[in-house]
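The structure appears right after this line, and notes come after that.
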Amino acid sequence: MSNVPTDRQYLSSHEWAQQVEGVVVVGISEHAAEELGELVFIELPAKGDEVVFETQFGEIESVKAVSGLNSPVTGKVVEVNQELIDSQAAISDSPFEDGWLIKVEPAIDSGLDLLLDHKTYQAQLDGS
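Under numbering that gives the first Met the number 0, the residue at position 125 of the sequence shown is numbered 124, and the numbers go up by one with no gaps.
Have a look at this one:
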């Protein structure tokens with residue numbers, strides 16, 4: 000059973016958002032990391048790029064598949080986890096901490112109010 004922290008919100012496509020001091024930290028869930036398996040490449044947006052709620056902002060590649068990364072928030076990228084460009088291990092090892100992907104300054108109409116809470120996301124995982 001995958002860990003689902005209660006301090007985040009989720010997309011049904013397994014990305015998470017955590018609001019921290021006016022910025023939204025974005026990553027993929029433990030479930031997604033486990034399903035992908037060994038990661039070999041990640042493509043992330045650049046600082047200053049705009050991301051749009053439920054729209055692809057990057058890709059993650061594993062030995063099994065290439066998956067799109069969907070944004071759980073609309074806004075401007077203010078930081079990218081550069082450590083992941085050289086090694087994606089943190090995504091698998093610590094998807095909710097060191098494995099974060101981007102930080103976003105949310106737009107006024109960010110979409111955050113449309114995300115799943117931890118209970119709803121866990122129920123989705125339990126049903127899959």
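Where is the CB? At the ideal position from N, CA and C, for every residue including glycine.
Asked                                                                                                            : Found
Can you pull the DSSP bridge partners for E60?                                                                   : F40 and V65
Give the range of the alpha helix (DSSP H) segment to which F29 is assigned.                                     : Note that residue 29 is Glu in the sequence shown here, rather than Phe. E29 -> alpha helix (DSSP H) spans E29 to L35.
In terms of residue numbering, what span does the alpha helix (DSSP H) encompassing Q121 cover?                  : H117 to G126
Of all the options D85, K118, I84 and F52, which has the alpha carbon lying nearest to the alpha carbon of G110? : F52
Output the boundary residues of the beta strand (DSSP E) element that contains I101.                             : I101 to P105
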